[in-house]
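Engineer: The structure's right below; bear with me while I get my questions together.
There are 2 protein chains.
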Amino acid sequence: MNMVKPILDPWSSEVPSDYEATMKAFGIGKMDDDLIKRLPVSHHFLRRGIVFAQRDFGRIVTAIESKKEFAVLTGIKPSGIYHFGSKMVIDQVKYLQDLGGKVFFCVADIEAFHANQQSLEDSAKLAVDNLADVLALGIDERSYFYKQSQEETIKLNGYLYARNVTVNMMKAIDGEQEMGHYVSALAQVGDILLPQQPKFGGPKPTVIPIGLDQDPHMRLTRDIAAKQRLILPSSTYNKFMHSLGGQAKMSKSEPLGMLTLNDDEKTVKKKVNRALTGGKESVEVQKKEGASPEKCMVYELLLFNELDDEVVKKRFDDCRAGKIMCGECKADVIERLNRFLKQHQEKKKKMMPKAEKILAR
Amino acid sequence: MNMVKPILDPWSSEVPSDYEATMKAFGIGKMDDDLIKRLPVSHHFLRRGIVFAQRDFGRIVTAIESKKEFAVLTGIKPSGIYHFGSKMVIDQVKYLQDLGGKVFFCVADIEAFHANQQSLEDSAKLAVDNLADVLALGIDERSYFYKQSQEETIKLNGYLYARNVTVNMMKAIDGEQEMGHYVSALAQVGDILLPQQPKFGGPKPTVIPIGLDQDPHMRLTRDIAAKQRLILPSSTYNKFMHSLGGQAKMSKSEPLGMLTLNDDEKTVKKKVNRALTGGKESVEVQKKEGASPEKCMVYELLLFNELDDEVVKKRFDDCRAGKIMCGECKADVIERLNRFLKQHQEKKKKMMPKAEKILAR
Chain Y
14 MNMVKPILDP WSSEVPSDYE ATMKAFGIGK MDDDLIKRLP VSHHFLRRGI
64 VFAQRDFGRI VTAIESKKEF AVLTGIKPSG IYHFGSKMVI DQVKYLQDLG
114 GKVFFCVADI EAFHANQQSL EDSAKLAVDN LADVLALGID ERSYFYKQSQ
164 EETIKLNGYL YARNVTVNMM KAIDGEQEMG HYVSALAQVG DILLPQQPKF
214 GGPKPTVIPI GLDQDPHMRL TRDIAAKQRL ILPSSTYNKF MHSLGGQAKM
264 SKSEPLGMLT LNDDEKTVKK KVNRALTGGK ESVEVQKKEG ASPEKCMVYE
314 LLLFNELDDE VVKKRFDDCR AGKIMCGECK ADVIERLNRF LKQHQEKKKK
364 MMPKAEKILA R
Chain P
14 MNMVKPILDP WSSEVPSDYE ATMKAFGIGK MDDDLIKRLP VSHHFLRRGI
64 VFAQRDFGRI VTAIESKKEF AVLTGIKPSG IYHFGSKMVI DQVKYLQDLG
114 GKVFFCVADI EAFHANQQSL EDSAKLAVDN LADVLALGID ERSYFYKQSQ
164 EETIKLNGYL YARNVTVNMM KAIDGEQEMG HYVSALAQVG DILLPQQPKF
214 GGPKPTVIPI GLDQDPHMRL TRDIAAKQRL ILPSSTYNKF MHSLGGQAKM
264 SKSEPLGMLT LNDDEKTVKK KVNRALTGGK ESVEVQKKEG ASPEKCMVYE
314 LLLFNELDDE VVKKRFDDCR AGKIMCGECK ADVIERLNRF LKQHQEKKKK
364 MMPKAEKILA R
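The listed protein sequences derive, respectively, from chains Y and P.
Under my numbering, the residues of the first sequence are numbered 14 to 374, in order.
Under my numbering, the residues of the second sequence are numbered 14 to 374, in order.
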């Protein structure tokens, strides 16, 4: 079982120490102030160190500054309901879209076929709900939404990109796996390089918001992009959102630790009330010594989702100072989440027919 | 350098001893008389032991007997001019076509991309000449001709068939290779199972004439066919045609040892006159002791290409008995080949526009 990794003080640009070695080894830089300042609009993920690292993001910032074309790519393996960890990625895509990026959204049904033994038909069905979330979160419906299994360029290029790729290179990404995983990885290279294909106007800067664990795919893609004389794609790296129990990453594999975009008020209340906090053994001790927001999953929900910096900062300080107890904090976070979810679910309902239509293409 | 493998006495059904172990290990049977007798029309390749083995060919014979649908698949990696070794495969396909098989003809441009570093565009150009040969050799122009890179079913299925295929299974086929070879092999599985796809009416017996060296691809395909609930494809195995120098298989890698379907009279004469024979050190000795047609590349040309059994049998006997000398034999074989080539090249010329049209699709 993974230990809880400390959540950083908001507004700190400190990088978790276990990331540093990876970043150094593979040429990933900090998301530093010089870059952030050049962006015309800020984002709380940047201000709070949630998006903490980047590779070649300067190329994207330059495109934004000079109002040049650039692409933002993301995708889903449609194997369940969107949770707040998935939302975090879409929030980043939305931000980059609003800065001028053209969004490419991939339904990774070939990957789901191999990783989850899920048929292409089931993926198409499951993706409708996810896509409605994505649209409700503000991704432009004129974005390029596609299914891997239907995108001819990707299917062909996956075969062609295999040139000079060794089995050892594939192992470096996924470990020793069956061929299904390896061909999925090649299809994913096709996804990342799709915005640069002739049908979309050729080479252009492209950025992909990912977690550090996905970086091996980026490195393979950049190797191949160089051979194809395409622009090496850029990436940004976000910290992962923990499961509510504090173990590992929020994911479908731990349903009770996952807060989904479909959860109703009661479910949110129940799940958040059970979440791991940084509270002390008694109210008395906590009032005296203060608690540890940096270890608290409820605080993390606020940190990732509350747009108002002042609210987050005050909560952090009050918690540390023992001025707010867990019960009151939880009730407040539950209310904020439910307020967001109510609005979101209304928007999403309206987006369902659109999502269905897009995926029926 | 490979040693010359003895060519068998025509009408012998003996199998080269170095093949036996492979056949036994992988469940390949002899092409025995019981099967051959059931065929409504004979073929000199069967009578002369050139097509010497099979797996599940009985399923095809049954389809022929009961006038049921079956498919014959073949293909080319378009990387050069057709030679007599390539012709031999098309001769088999033609025979099976005439027995009622629907022909599927694959231009393996993904394979050529990886194995020969040849662009898809170059493959399309080079394939025109090959396809004109194929049409001139009697393959029905209503056959299903396609390019791997353009056939959507194959491209997608190549990805999906990778499920449960291990890297070790791929190594068993081609040895330790880069991913390009492995994805080509998966595309080839897609080729072999193409006739059974819904767009062609679903499962049906399919036969592929190959050399024993290509059998690992058949075994992989049969594994995958079983998982896909398709009919396990059948195969027949031909002996390979030697290069004119007697080393190894006739192939593009040894241009002077290769007799092509584009060669003119003079070139045929020059090449055949230089070919390895089974002749003795002098005419005197040869007249007395006879020569060795089973080691002679000129005799092999006759054995594979002359339709009249009597001519072949007489040549074999006369050679062994020292009744015909190499000069006379060569002149005769040159004349026969040039007679065939003259007719073929005329037909081929007429087929060029058709071939171009088919490949422009």
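Yeah, the Cβ is synthetic: ideal placement off N, Cα and C, and Gly gets one too.
Does chain Y have any CB closer than 8 angstroms to the CB of P:Asn-351?
Structural biologist: Taking the first residue of the second sequence as 1, we reach residue 351 of chain P at position 338. Answer no: the Cβ-Cβ gap between P:Asn-351 and chain Y never drops below 8 angstroms.
Engineer: Whose Cβ in chain Y lies nearer than 9 angstroms to the Cβ of P:Gly-203?
Structural biologist: Along the second sequence, read from residue 1 onward, the residue named residue 203 of chain P stands at position 190. The contacting residues do not exist; P:Gly-203 stays about 10 angstroms from chain Y at best.
Engineer: Taking 8 angstroms as the CB-CB limit, is Y:Ser-92 close to chain P?
Structural biologist: As a working mapping, residue 92 of chain Y is identified with position 79 in the first sequence. Not an interface residue.
Engineer: Since Y:Gly-88 is in the beta strand (DSSP E), which residue starts that stretch and which ends it?
Structural biologist: Counted from its first residue, the first sequence places residue 88 of chain Y at position 75. Run containing Y:Gly-88: 84 to 89, per the beta strand (DSSP E) assignment.
Engineer: Name, please, each residue of chain Y whose Cβ falls closer than 9 angstroms to the Cβ of P:Arg-176.
Structural biologist: Residue mapping note: residue 176 of chain P aligns to position 163 of the second sequence, counting from 1. Going along chain Y in sequence order, the residues near P:Arg-176 (Cβ under 9 angstroms) are Phe-126, His-127, Gln-130, Glu-191, Met-192 and Gly-193.
Engineer: Could you name the residues of chain P that Y:Met-183 contacts, counting a contact when the two beta carbons are closer than 8 angstroms?
Structural biologist: Residue numbering aside, residue 183 of chain Y sits at position 170 when the first sequence is read from its first letter. At a C-beta separation below 8 angstroms, Y:Met-183 has these neighbours in chain P: Met-192.
Engineer: Leaving out five residues on either side along the sequence, give the residues of the same chain with a beta carbon under 7 angstroms from the beta carbon of Y:Thr-273.
Structural biologist: The sequence position of residue 273 of chain Y within the first sequence is 260, counting from 1. For Y:Thr-273, where only same-chain residues beyond five positions count, the Cβ hits under 7 angstroms are Ile-94, Tyr-95 and His-96.
Engineer: Output the distance between the C-alpha atoms of P:Lys-138 and P:Ala-368, rounded to the nearest integer angstrom.
Structural biologist: Counting from one through the second sequence, the residue named residue 138 of chain P turns up at place 125. Counting from one through the second sequence, the residue named residue 368 of chain P turns up at place 355. Rounded to whole angstroms, P:Lys-138 to P:Ala-368 spans 10 angstroms at the Cα level.
Engineer: Which bits of chain Y does P:Ile-123 rub up against, with CB to CB less than 7 angstroms?
Structural biologist: As a working note, residue 123 of chain P is residue 110 in the second sequence. One finds Tyr-172 in chain Y with Cβ atoms closer than 7 angstroms to the Cβ of P:Ile-123, taken in chain order.
Engineer: Taking the alpha-carbon positions, what's the Y:Phe-39 to Y:Arg-68 distance?
Structural biologist: Within the first sequence, numbered from 1, the residue matching residue 39 of chain Y stands at position 26. Within the first sequence, numbered from 1, the residue matching residue 68 of chain Y stands at position 55. So the alpha carbons of these two residues sit roughly 9 angstroms apart.
Engineer: Helix, strand or coil, according to DSSP, for Y:Ala-175 in the structure here?
Structural biologist: Here residue 175 of chain Y is taken as the residue at index 162 of the first sequence, counted from 1. Y:Ala-175 falls in the coil class under three-state DSSP.
Engineer: With DSSP as the reference, identify every bridge partner of Y:His-255, one or two as the case may be.
Structural biologist: For the purposes of this step, residue 255 of chain Y is taken as the residue at position 242 of the first sequence. Note: Y:His-255 sits in a beta bridge opposite Y:Lys-262.
Engineer: Indicate the three-state DSSP secondary structure (helix, strand or coil) for Y:Pro-268 in the structure shown.
Structural biologist: The residue you call residue 268 of chain Y lines up with position 255 of the first sequence. Y:Pro-268: helix per DSSP, three-state reduction.
Engineer: In the DSSP assignment, what residue or residues form a beta bridge with Y:Tyr-157?
Structural biologist: By one-based count along the first sequence, residue 157 of chain Y stands at place 144. Paired residue(s): Y:Phe-117.
Engineer: Whole angstroms is fine: what's the gap from P:Thr-219's alpha carbon to P:Leu-243's?
Structural biologist: For the purposes of this step, residue 219 of chain P is identified with residue 206 of the second sequence, where counting begins at 1. For the purposes of this step, residue 243 of chain P is identified with residue 230 of the second sequence, where counting begins at 1. Distance between the alpha carbons of P:Thr-219 and P:Leu-243 is about 10 angstroms.
Engineer: Please give the ranges of any alpha helix (DSSP H) in the segment 300 to 374 of chain P, keeping only runs that are unbroken, at least 4 residues long and fully inside the region.
Structural biologist: 310 to 318, 322 to 333 and 339 to 373
Engineer: If you draw a straight line from the C-alpha of Y:Gly-188 to the C-alpha of Y:Leu-199, how long is it?
Structural biologist: One-based indexing of the first sequence puts residue 188 of chain Y at position 175. One-based indexing of the first sequence puts residue 199 of chain Y at position 186. Rounded to the nearest angstrom, the two C-alpha atoms are 15 angstroms apart.
Engineer: Do we get a CB-CB distance below 8 angstroms when we pair P:Thr-290 with the residues of chain Y?
Structural biologist: Indexing the second sequence from 1 puts residue 290 of chain P at position 277. It does not; no Cβ of chain Y falls within 8 angstroms.
Engineer: Reducing DSSP to helix, strand and coil, say where Y:Gly-98 ends up.
Structural biologist: Along the first sequence, read from residue 1 onward, the residue named residue 98 of chain Y stands at position 85. Here Y:Gly-98 sits in helix by DSSP.
Engineer: Going straight from the alpha carbon of P:Val-64 to that of P:Asp-322, what length do you get?
Structural biologist: Along the second sequence, read from residue 1 onward, the residue named residue 64 of chain P stands at position 51. Along the second sequence, read from residue 1 onward, the residue named residue 322 of chain P stands at position 309. Looking at the two C-alpha atoms, the distance is approximately 15 angstroms.
Engineer: Measure how close the beta-carbons of P:Ile-167 and P:Phe-118 come, nearest whole angstrom, since I'm counting them as under 8 angstroms.
Structural biologist: The residue you call residue 167 of chain P lines up with position 154 of the second sequence. The residue you call residue 118 of chain P lines up with position 105 of the second sequence. That belief does not hold up - the Cβ atoms of P:Ile-167 and P:Phe-118 are roughly 13 angstroms apart, past 8 angstroms.
Engineer: Name the DSSP beta bridge partners of Y:Tyr-250, please?
Structural biologist: Here residue 250 of chain Y is taken as the residue at index 237 of the first sequence, counted from 1. DSSP, once it has assigned bridges, lists Y:Ala-66 and Y:Ile-223 as partnering Y:Tyr-250.
Engineer: Excluding the five sequence neighbours on either side, which residues of its own chain have a C-beta within less than 7 angstroms of the C-beta of P:Ile-73, listed in chain order?
Structural biologist: Here residue 73 of chain P is taken as the residue at index 60 of the second sequence, counted from 1. Excluding positions up to five away in sequence, the list reads Phe-83, Pro-218, Val-220 and Ser-247.
Engineer: Looking at the secondary structure, which residues open and close the alpha helix (DSSP H) in which Y:Gln-201 lies?
Structural biologist: Working through the first sequence from its first residue, we reach residue 201 of chain Y at position 188. Per DSSP, Y:Gln-201 belongs to the alpha helix (DSSP H) from 192 to 206.
Engineer: Would a C-beta distance cut-off of 8 angstroms place Y:Leu-316 and Y:Val-325 closer than the cut-off?
Structural biologist: Residue 316 of chain Y sits at position 303 when you count from the first residue of the first sequence. Residue 325 of chain Y sits at position 312 when you count from the first residue of the first sequence. When the beta-carbon positions are compared, Y:Leu-316 and Y:Val-325 come within less than 8 angstroms of each other.
Engineer: Is there a C-beta anywhere in chain P that falls below 8 angstroms from the one on Y:Val-120?
Structural biologist: For this step, residue 120 of chain Y is matched to residue 107 along the first sequence. Output row for Y:Val-120: interface = no.
Engineer: If the cut is a Cβ gap below 9 angstroms, which residues of chain Y does P:Lys-168 touch?
Structural biologist: Residue numbering aside, residue 168 of chain P sits at position 155 when the second sequence is read from its first letter. What P:Lys-168 touches in chain Y: Glu-165, Lys-168, Leu-169, Gly-171 and Tyr-172.
Engineer: Measure how close the beta-carbons of Y:Lys-160 and Y:Asp-122 come, nearest whole angstrom, since I'm counting them as under 8 angstroms.
Structural biologist: By one-based count along the first sequence, residue 160 of chain Y stands at place 147. By one-based count along the first sequence, residue 122 of chain Y stands at place 109. Right, the Cβ-Cβ distance comes to about 5 angstroms (below 8 angstroms), so this counts as a contact.
Engineer: When you check each C-beta in the segment 222 to 244 of chain P against every C-beta of chain Y, which residues fall closer than 9 angstroms?
Structural biologist: none
Engineer: Quick check on DSSP: helix, strand or coil for Y:Thr-290?
Structural biologist: What you label residue 290 of chain Y is simply residue 277 of the first sequence in a count that begins at 1. The answer is coil: DSSP assigns Y:Thr-290 none of H, G, I, E or B.
Engineer: Taking buried to mean at least 16 other C-beta atoms within 10 Å of its own C-beta, is P:Lys-252 buried or exposed?
Structural biologist: Working through the second sequence from its first residue, we reach residue 252 of chain P at position 239. Buried is the label assigned to P:Lys-252, since at least 16 other Cβ atoms lie within 10 Å of its Cβ.
Engineer: Rounded to the nearest angstrom, what separates Y:Lys-262 and Y:Val-102 at their Cα positions?
Structural biologist: In the first sequence, the residue the question calls residue 262 of chain Y occupies position 249. In the first sequence, the residue the question calls residue 102 of chain Y occupies position 89. Between Y:Lys-262 and Y:Val-102, the alpha-carbon positions lie close to 14 angstroms from each other.
Engineer: Just the C-alpha distance for Y:Leu-86 and Y:Val-178, rounded to the nearest angstrom, thanks.
Structural biologist: Counting from one through the first sequence, the residue named residue 86 of chain Y turns up at place 73. Counting from one through the first sequence, the residue named residue 178 of chain Y turns up at place 165. Answer to the nearest angstrom: the Cα atoms are 23 angstroms apart.
Engineer: Taking the C-alpha atoms as reference points, what is the distance between P:Arg-61 and Y:Gln-209?
Structural biologist: To locate residue 61 of chain P, count along the second sequence from 1; it is residue 48. To locate residue 209 of chain Y, count along the first sequence from 1; it is residue 196. Between the alpha carbons of P:Arg-61 and Y:Gln-209 lies a gap of roughly 56 angstroms.
Engineer: From this set, Y:Met-364, Y:Leu-350 and Y:Leu-144, which residue's C-alpha is nearest Y:Val-285's C-alpha?
Structural biologist: Locating residue 285 of chain Y in the first sequence gives position 272, counting from the first residue. It is Y:Leu-350.
Engineer: Quick one: what does DSSP say P:Lys-80 is sitting in, helix, strand or coil?
Structural biologist: Position 67 of the second sequence, counting from 1, holds the residue named residue 80 of chain P. Correct three-state label for P:Lys-80: coil.
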